[in-house]
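In my numbering, the protein residues as written are 25 to 235.
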Amino acid sequence: MLTLYFSPGACSMASHIGLEETGAPYEERPTLLAKGEQKTEAYLKINPRGKVPALSVDGKVIVENTAILTYLARRFPEKKLMPDDPVEAARCIAIMTWFSNIVHPAYQRYTRPERFAEGEAAQATVKDLGRKAFWASCQEIDALLRGKTWMMGEQYTVADGYALVFYGWGVRGGFPMNELTAYTAWKDRMLQRPAVRKILESERNVLVTPA
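As structure tokens, this is what we get:
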């Protein structure tokens, strides 16, 4: 049995989309970050780090989007959610690692500077640097998508669902995402995928449910 622990609007949407794309049955366990549910004793037994997402596979837990998405692609190879070629598969994983290690933390610095520095002046600097770094990352994603249908070329992969997280965050954060023409055209293609649309609507994502 597959059980996904996630929080609507969080980076866990990447795994939520990936799981839906497999077509496999799974159980949803919303774990609301805004209410601190990721810090409860019950959830800390699932993921002691108090983070989402977490995927329980017959009682064994996988954490981190990149690990979960790689697992899903390998468990359901018939869905072609990752390139068959080992080099291209490694490049797909590398993109997701960049998302988790660079792009996500940049947005955190912009929206939660108090987690990274003490004092108003230091936090203001962190916030500004985070804003610039996140926007630079969005511009890089836009460049990567130029001339392509999906992140990895003509094949849709689990990296695409992950990249959609940041487009939504950009909209939510007031960034001029429409200036990124390749990223925006790709976003529109993503919204045509039934699995993607279903998850965005269920999570009431800003891309389908404007505030």
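Beta carbons: idealized from backbone N, C-alpha and C, even for Gly.
Find the nearest neighbour of residue i within the set the options, judged by alpha-carbon distance.
i: LEU224; options: ALA58, LEU26, GLU102, SER39; result: SER39
i: HIS128; options: ALA34, ARG228, MET175; result: ALA34
i: ALA130; options: ILE119, GLY143, GLU112, ALA160; result: ALA160
i: LYS63; options: VAL230, TYR29, ARG115, ALA219; result: TYR29
i: ASP166; options: TRP210, VAL232, GLU144, MET37; result: TRP210
i: MET37; options: GLY74, GLY47, LEU93; result: LEU93
i: TYR95; options: LYS75, MET175, CYS116; result: CYS116
i: VAL195; options: MET214, VAL232, LEU169, GLY171; result: VAL232
I'd like the list of long-range same chain contacts for residue i, defined as Cβ closer than 8 Å, with 5 residues on each side in sequence excluded.
i: VAL85; result: ILE70, ASN71, ALA78, LEU79
i: GLU51; result: MET25, LEU26, THR27, LEU28
Near residue i, which residues of its chain fall below 7 Å by C-beta distance, leaving aside the five closest residues on each side in sequence?
i: GLN179; result: LYS104, PRO107
Pull the bridge partners of residue i from the DSSP assignment, please.
i: PHE30; result: PRO54
i: GLY177; result: TRP174
Pop quiz: residue i and residue j are said to be a contact at Cβ under 8 Å. What is the actual Cβ separation, rounded to whole angstroms?
i: GLU81; j: LEU26; result: The question names Glu, yet the displayed sequence has Val at residue 81. The Cβ separation is near 6 Å, so the contact holds.
i: GLU227; j: PRO49; result: Their Cβ separation, rounded to whole angstroms, is 19 Å, which puts GLU227 and PRO49 out of contact at 8 Å.
Sorted by chain position, which residues of the same chain lie with C-beta nearer than 6 Å to residue i's C-beta, five sequence neighbours on each side aside?
i: PHE123; result: TYR186
i: VAL87; result: ASN71, ALA78
i: THR90; result: MET120, THR121, SER124
i: PHE190; result: VAL127
* To do: Within the segment 47 to 87, note down every full alpha helix (DSSP H) run reaching 4 residues or more, in order along the chain.
  => 65 to 70
* To do: Just list the alpha helix (DSSP H) runs in the segment 99 to 125, keeping only unbroken ones of 4 residues or longer that don't cross its boundaries, in chain order.
  => 110 to 122
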